[in-house]
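Student: Have a look at this one before I ask anything.
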Amino acid sequence: MVMPSLFSFMVAIGFFVQSWPLALGGAVAAGVAGLYFSRKRRNRELDDAVARAKAFEEEQLAQSGDAGSDPERAP
0 MVMPSLFSFM VAIGFFVQSW PLALGGAVAA GVAGLYFSRK RRNRELDDAV ARAKAFEEEQ
60 LAQSGDAGSD PERAP
């Protein structure tokens, strides 16, 4: 995650030059970027879990031979 680190660097520069608007802006931007990227990662993990569950379910149906009798899978 490059963006939160970049904004954290902006906070450090803001404190170093004693510019509170730069430090505050960097802190807010780092927080927003951190939330965005953590939500993006969590959504990707959930999508992967759903895909694995569907693949497992299809594999189980194929092994049991009941794939044609499932009303949800009927055309």
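One point on numbering: in numbering that gives the first Met the number 0, the residue at position 52 of the sequence shown is 51, and numbering is uninterrupted.
Idealized CB from N, CA, C, for every residue including glycine.
So for Gln62, helix, strand or coil by DSSP?
Tutor: Helix at Gln62.
Student: Please classify Val27: does DSSP put it in a helix, a strand, or coil?
Tutor: In this structure, Val27 counts as helix in the three-state DSSP scheme.
Student: Buried or exposed: where does Ala11 fall if 16 or more other Cβ atoms within 10 Å of its Cβ makes it buried?
Tutor: Result: exposed.
Student: Quick one: using the 10 Å Cβ neighbour count with 16 as the cut-off for buried, is Gly25 buried or exposed?
Tutor: Buried is the call here.
Student: By DSSP, does Ser18 sit in helix, in strand, or in coil?
Tutor: Here Ser18 sits in coil by DSSP.
Student: How would you label Ala50, buried or exposed, when you count the other beta carbons within 10 angstroms and need 16 or more for buried?
Tutor: Exposed, because fewer than 16 other Cβ atoms sit within 10 Å of the Cβ of Ala50.
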